[in-house]
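Enquirer:
Residue numbers (our numbering), protein chains in the order written: chain A, 111 to 265; chain B, 567 to 789.
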């Protein structure tokens, strides 16, 4: 026997530690690339237009347009690229130009309370991930189909 | 079994160490198949890291036990007896695979299904048999003793790394049991690799891809 058993045990402990560090690094790398903390946005109910409107910016790529998805009551409603004019966003310093707005027309909904969520779609390698922009937007629909809601904070 | 595995100079915790070794190598395989594939999108470079850890451990372990290549099964002196031992079960299993394929496909497979990449199967089969028998089977014999318990453990471990492809899990359990049984009687990795190659090619050619999901295992099974 050229290597004593104690050395074999040390090698196994070392391997376990290295493997743990490797998996932890992999998980952190995945978190950073798949869910980068660079997406910012705002969403609110536009009662006059019966829409969910807001803006979305990727501060890592300030000139790029962010693809956003509207989900109402956990059902996908629509996807679009946030490229409408929002001069207030650029003026507030969130973006370099004003073309970061979005507006989703709400579908026909039953009377009652609902919840809208707007997600930024991000592609890393060959996978897509979704990041919630801001907080869920609660709103109500009355018997006449009139929508009322409240704005949410940006992130 | 080689005399090195019966050495009385090993300390009391020899069985525990062997069990730990088996667990450690299996963890590396499962990390490569599941964690790396899921988190890196299947990067082969990253996948090689846990596999490298496992191979390094296996190498150190062989040196620790004083095992030679001949002990592991890289030998020719028992090649023909090992082939004779494997011939009947391999023929029976391949016949079963071809009949299953015939039934599922409704006819014999086209020759064009013999893709060029299948030429790498013998090397891959030899590597798998080395890891499965030359390492895991030998450590299983230390942990549980030679016989059906260690043979069953090897079969289950081989099946486990093919999860969640249930069709392959079943076939690899069967193959793992046969090869582990044969290795404990005639430890020859070349004969086992031939049997493994023929069985793998039979599956790839005879069984329609949807049933084996393109031979995908681990997290890649879902992709």
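Ideal Cβ positions, reconstructed from N, Cα and C, are used throughout, including at glycine. Computed from a predicted model, the values in this text were never measured in an experiment.
Quick one: which chain B residues come within Cβ less than 7 angstroms of residue 235 of chain A?
Expert: Within 7 angstroms Cβ-Cβ: 607.
Enquirer: Please list, in chain order, all residues of the same chain as residue 742 of chain B whose beta carbon is under 8 angstroms from its beta carbon, the five residues on each side excluded.
Expert: 698, 720, 721, 722, 723, 724 and 725
Enquirer: Can you list the residues of chain B that residue 119 of chain A reaches, using a CB-CB cut of under 7 angstroms?
Expert: 583
Enquirer: Going by beta carbon distance, what residues of the same chain come within less than 6 angstroms of residue 226 of chain A, once the five residues before and after it are set aside?
Expert: 162, 182 and 247
Enquirer: Residue 586 of chain B CB to nearest chain A CB: under 8 angstroms?
Expert: yes
Enquirer: For residue 119 of chain A, name the three-state secondary structure that DSSP assigns.
Expert: helix
Enquirer: Are the beta-carbon atoms of residue 152 of chain A and residue 253 of chain A separated by less than 8 angstroms?
Expert: no
Enquirer: Do residue 588 of chain B and residue 702 of chain B count as a contact pair if the criterion is CB distance below 8 angstroms?
Expert: yes
Enquirer: Could you name the residues that DSSP lists as bridge partners for residue 250 of chain A?
Expert: A:223 and A:258
Enquirer: Where does residue 241 of chain A sit, in a helix, a strand or coil, going by DSSP?
Expert: strand
Enquirer: Under 7 angstroms Cβ-Cβ, which residues of chain B neighbour residue 137 of chain A?
Expert: 605
Enquirer: Is there at least one Cβ from chain A nearer than 8 angstroms to residue 737 of chain B's Cβ?
Expert: By this cut-off, residue 737 of chain B is not an interface position.
Enquirer: Quick check on residue 262 of chain A: buried or exposed, where buried means 16 or more other Cβ atoms within 10 Å of its Cβ?
Expert: Note on residue 262 of chain A: pLDDT 45, under 50, position unreliable in the model; no value is reported.
Enquirer: Go to residue 215 of chain A, then tell me how far its beta strand (DSSP E) extends in each direction, as first and last residue.
Expert: 209–215
Enquirer: What whole-angstrom Cβ distance do residue 208 of chain A and residue 195 of chain A have, given they're in contact under 8 angstroms?
Expert: With 8 angstroms as the limit, residue 208 of chain A and residue 195 of chain A qualify as a contact, their Cβ atoms being about 5 angstroms apart.
Enquirer: To test your reading of the DSSP string, which unbroken alpha helix (DSSP H) runs of 4 or more residues are found completely within the stretch 601–646 of chain B?
Expert: 603–606, 610–631 and 635–638
Enquirer: Measure the alpha-carbon distance for residue 259 of chain A versus residue 139 of chain A and round it to whole angstroms.
Expert: Residue 259 of chain A and residue 139 of chain A have their C-alpha atoms roughly 38 angstroms apart.
Enquirer: Any beta carbon of chain A sitting closer than 8 angstroms to that of residue 658 of chain B?
Expert: no
Enquirer: Are residue 232 of chain A and residue 223 of chain A closer than 8 angstroms when you measure CB to CB?
Expert: Pairing residue 232 of chain A with residue 223 of chain A gives a Cβ-Cβ distance that is not under 8 angstroms.
Enquirer: Roughly how many angstroms lie between the CA atoms of residue 584 of chain B and residue 142 of chain A, to the nearest whole one?
Expert: Taking the straight line from one Cα to the other gives about 38 angstroms.
Enquirer: Drop a sphere of 10 angstroms on the beta-carbon of residue 776 of chain B, count the other beta-carbons inside from all chains shown, and report buried for 16 or more, exposed for fewer.
Expert: That one is exposed.
Enquirer: Looking at the ligand ATP, does it come within less than 7 angstroms of residue 635 of chain B, judged from the CB to the closest heavy atom?
Expert: Within the structure as shown, the ligand ATP is missing, as the structure has no ligands at all.
Enquirer: Who are the neighbours of residue 133 of chain A on chain B, taking C-beta pairs under 9 angstroms?
Expert: 597, 601, 602, 605 and 616
Enquirer: From residue 170 of chain A to residue 616 of chain B, what does the alpha carbon distance come to, in whole angstroms?
Expert: 32 angstroms
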